[in-house]
Amino acid sequence: MLSEGHEVSCLDEDPESHTRLEVGLDKGWEDLGGRFTVGTGLETDALVAAGIETADAFIAATNGDNTNIVIAQIAQRRYEVPTVIARILDPLRAEWYRQQGLNTICPTRVAIDMLESAVREGAPREVV
Amino acid sequence: MYIIVVGAGKVGWNLARELLEKNHEVTVIESNRRRYLTVEQELEHNVTYGDASELWVLERAGIQRADMVIAVTGDDEDNMLICQVAKEKYEVKQIIARVNNPRNRPHFDLLGVKPSVSATDLILRLLEHEVPEYGLVHLLDLQEEQLEIIEMLLGKDSRVTGRRVGDLSMPEGSLLISVLREGKGFVPNADTVLEVGDEVLAVLDPGREDDLKELFGPASGGNGTG
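Put into structure tokens, the structure is as follows:
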């Protein structure tokens, strides 16, 4: 999204993650206009430092479902970010929070669908 | 009552014991296998193994018919979300959540998880109560009802000692409800004269503490310790 000209700010508790952001880039992350903040999403100070107050979209995609659900709701309710997306691995909770008005992406659901269609497409066709 | 307790740590285990003694029906949910096996030796069928963040675990524990869900794990996010789904998805009437890090308290409120209990806050309250230098002690905070009850110890340099209650111009939204003198409490009337060493209780709208401190505090300001 950075390469499309959007302003992108990343928040991560591990300073090392910055290195990963630059893999495959010919310039530094900041040189390309990106922002990087070290902190956890439950600290509102860190969210503000990362620029949540002026964000048009907020994506909660840490490796913890619970963290993502909580932070996404903070972004939605407290900072009123117009577009909020949460990554939720647990399909049951992803579905329930979607019904509650949260935009959720469930990688498990997506993988199941893909695997299922791969199986169907890969199965020998019935010859009539 | 049927009560689900999430987390079988020291808090959850002892809580479950007390509730069982009071003849409530209790299910404790614990996600750590070893801890579960330890607790199970005593609580037997009243403890179940699983991650209560997952809806099916809650359903297996019978959340649909639970009267109360108490989340006391060591993880604030777990406690918040378990109580949120208990209240909003399963329409459990009463929820109680434990706050581990007091800085997370606003998040509990934001998600509608009330009441929440923080040990750190409780100790702070106790500290305020035990250390009179603080001057003003919060006895009760009813956030929903927008009411507070506070206690003030009148020191030598208080502005109101020797004055009639009827002559005090109490700030709007506050009311003097009780005076504790020499270990006895009574409801003051307009002719009650306040004395040094009195502990006065007042009920007030939130945010009026400063007005009361101003009225009851030391005449000189400064750091009078009463």
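Each protein sequence line maps, in turn, to chains A and B. Each step along the first sequence adds one to the number in our numbering, with nothing skipped, and position 71 is 88. Each step along the second sequence adds one to the number in our numbering, with nothing skipped, and position 137 is 139. Glycine is no exception: its CB is placed at the ideal position from the N, C-alpha and C atoms.
Residue from the options whose Cα sits closest to the Cα of residue i
i	options	result
Asp73/A	Ala92/A, Asn85/A, Gly56/A and Thr61/A	Ala92/A
Leu126/B	Pro104/B, His109/B and Pro190/B	Pro104/B
Ile122/A	Gly41/A, Pro99/A, Gly56/A and Leu106/A	Leu106/A
Val94/B	Val49/B, Ser171/B, Val30/B and Gln66/B	Gln66/B
Val41/B	Asn25/B, Arg19/B, Glu23/B and Glu27/B	Arg19/B
Ala68/B	Ile97/B, Ile151/B, Ser171/B and Glu46/B	Ile97/B
Glu146/A	Arg94/A, Leu19/A and His35/A	This structure leaves residue 146/A out entirely; chain A is present only between 18 and 145.
Val198/B	Glu61/B, Ala192/B, Val162/B and Glu27/B	Val162/B
Tyr92/B	Leu57/B, Glu184/B, Glu211/B and Val189/B	Leu57/B
Gly22/A	Pro124/A, Arg37/A, Leu49/A and Asp43/A	Leu49/A
Met18/A	Leu38/A, Glu138/A and Val127/A	Leu38/A
Glu30/A	Thr36/A, Ala128/A, Thr54/A and Ser134/A	Thr54/A
Ala88/B	Met70/B, Pro117/B and Val101/B	Met70/B
Leu45/B	Val28/B, Pro117/B, Arg36/B and Lys24/B	Val28/B
Leu60/B	His26/B, Arg36/B and Gln86/B	Gln86/B
Pro32/A	Glu47/A, Gly56/A and Ser20/A	Gly56/A
Residue-chain proximity (residue i, chain A), Cβ-Cβ < 8 Å
i	result
Glu56/B	yes
Leu112/B	yes
Asp80/B	yes
Lys91/B	yes
Leu60/B	no
Ile6/B	no
His109/B	yes
Asn34/B	no
Asn102/B	no
Asn191/B	no
Asn106/B	yes
Leu124/B	no
Leu182/B	no
Leu83/B	yes
Gly164/B	no
Bounding residues of the alpha helix (DSSP H) (the contiguous stretch that carries residue i)
i	result
Asp192/B	Note on identity: in this sequence residue 192/B is Ala, with Asp being the wrong assignment. Ala192/B -> no alpha helix (DSSP H), and no H or E assigned at all.
Ile86/A	Asp82 to Arg94
Val59/B	Leu57 to Arg62
Thr50/B	Taken as a continuous stretch (DSSP letters only), Thr50/B belongs to no alpha helix (DSSP H), being part of the beta strand (DSSP E) at Val49 to Tyr51.
Residue j beta carbon less than 8 Å from that of residue i
i	j	result
Gly175/B	Leu206/B	yes
Ala67/A	Ser26/A	yes
Ala78/A	Arg52/A	no
Leu155/B	Leu196/B	no
Thr75/B	Gly164/B	no
Asp200/B	Leu178/B	no
Leu149/B	Leu217/B	no
Met78/B	Asn106/B	Reading off the sequence, residue 78/B comes out as Asp, not Met. Yes, Cβ-Cβ distance for Asp78/B and Asn106/B is below 8 Å.
Asp130/A	Arg110/A	no
Val7/B	Leu22/B	no
Val13/B	Val30/B	no
Ile72/B	Ile5/B	yes
Ala54/B	Ile84/B	yes
Thr100/A	Gly58/A	no
Pro173/B	Leu112/B	no
Asn80/A	Ile102/A	no
Ile166/B	Asp123/B	Before going on, a small fix: residue 166/B reads as Arg here, not Ile. No, they are not a contact pair.
Asn81/B	Ala63/B	no
Tyr114/A	Ile86/A	yes
Arg126/A	Pro108/A	yes
Ser1/B	Gly52/B	Because residue 1/B is not part of the residues shown, which for chain B are 3 to 228, the question remains open.
Ser160/B	Gly219/B	yes
Residue-chain proximity (residue i, chain B), Cβ-Cβ < 8 Å
i	result
Arg110/A	yes
Ile69/A	no
Asn80/A	no
Trp46/A	no
Asp146/A	Since the first residue shown for chain A is 18 and the last is 145, residue 146/A is missing from the structure and cannot be characterised.
Ile86/A	yes
Arg94/A	yes
Ile76/A	no
Leu59/A	yes
Asn83/A	yes
Ile146/A	What is shown of chain A runs 18 to 145, which leaves residue 146/A out entirely.
Asp107/A	yes
Residue i - containing beta strand (DSSP E), residue span
i	result
Tyr4/B	Tyr4 to Val8
Ile102/A	Thr100 to Arg104
Thr121/A	Asn120 to Ile122
Leu217/B	Element bounds for Leu217/B: not the beta strand (DSSP E) but the alpha helix (DSSP H), Glu211 to Phe218.
Val183/B	A small fix is needed here, since residue 183/B is Arg in this sequence, not Val. Residues Ser176 to Arg183.
Lys12/B	Here Lys12/B belongs to no beta strand (DSSP E); instead the alpha helix (DSSP H) covers Lys12 to Glu23.
Ala66/A	Careful: Ala66/A lies outside any beta strand (DSSP E), inside the alpha helix (DSSP H) at Thr61 to Ala66.
Ala111/A	Looking at the DSSP string, Ala111/A is not in any beta strand (DSSP E); the run it does join, the alpha helix (DSSP H), is Pro108 to Gln116.
Notebook entry, point to check: Could you give the uninterrupted runs of the alpha helix (DSSP H) lying entirely in the segment 24-53 of chain A, keeping only those of 4 residues or more?
Noted result: 34-38
Next item on the list: May I have a chain-ordered list of the alpha helix (DSSP H) segments no shorter than 4 residues that lie completely inside the segment 87-117 of chain B?
Entry: 107-112
Margin query: Tell me which residues of the segment 11-26 of chain B have at least one Cβ-Cβ distance to chain E shorter than 7 Å, keeping chain order.
Written below: Given the protein chain composition of this structure (A and B), no chain E is represented.
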